[in-house]
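In our numbering, the protein residues as written are 31 to 229.
Let me begin by presenting the structure, written as structure tokens, before commenting on it.
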Amino acid sequence: MGIKVNDEISHNFHTRKGLRQGDPLSPILFNLVADMLAILVLRAKNSGQFRGLVLNLVDEGLPILQYADDTILSFEDDLQEATILKLVLVAFGKLSGLKINFHKSQLFCFGKAKDRSKEYAELFGCVEGSFPFRYLGISMQYRKLSNKHRSSIEERFQKKLSGWKGKLLSSWGRLVLINSVLSSLPIFMMYFFLIPKGV
């Protein structure tokens, strides 16, 4: 390698150490590699090897959702498609050097796929999860969420407010906390769901 500073390239040197956790370059490199996973999954989908979900909302279905290291992969109830997806994930591990930890992963089945959930769990080597589950702080469900599941907003308010009660804050301090913290909690949820009057 050589480093270019002010249009002058330094002497070449050999790189001997990799990145460690906490290194400022780690998130950028991780995102580049995670993009490779998305590309591999989309190529397999575009070649017709498997389909994503919500065909009525997204053209040709949605096979992958990613945010940093949180990833949701979705496919139709078809063991052959699941096997192809598993091969894509194994190929990704070989190409990138990153391995997906299937023991930390969860499998969610709904509809007719529930009958074959054990086969899917065995194929991927992960445990079966239950609905609703949380993804990026939002409850995910394959049917309409009840008010009980949406009340998590109120619970978050309670947690934030209970910490403020014992503190001596001026009215301006409370106003800043309300504007910066409390107003953003329901807005984030309202980007995704209509909030019913009960909540």
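Where is the CB? At the ideal position from N, CA and C, for every residue including glycine.
Item	Value
Rounded C-alpha distance that separates VAL35 from GLN96	35 Å
DSSP-derived helix/strand/coil call for LEU67	helix
Unbroken alpha helix (DSSP H) run spanning GLN171, endpoints	Per DSSP, GLN171 belongs to no alpha helix (DSSP H) and is neither H nor E.
Nearest to LEU140 (by Cα), restricted to the options LYS124, SER160, GLU152, PHE122	According to the sequence shown, residue 140 is Phe rather than Leu. It is SER160 whose Cα lies nearest to the Cα of PHE140.
Assigned exposure category for GLY48 - 16 Cβ within 10 Å defines buried	exposed
Uninterrupted beta strand (DSSP E) stretches inside the stretch 94-146 (no shorter than 3 residues)	94-97, 100-103
8 Å CB neighbourhood of GLN136 in its chain, flanking five on each side removed	CYS156, VAL157, GLU158, GLY159, PHE163
Reference TYR221, options ILE168, ASN177, TRP202, closest by Cα	ILE168
Alpha-carbon to alpha-carbon, MET219 and ASP108	32 Å
Three-pair Cβ contact test at 8 Å for the stretch 70-90 versus the stretch 40-57	no
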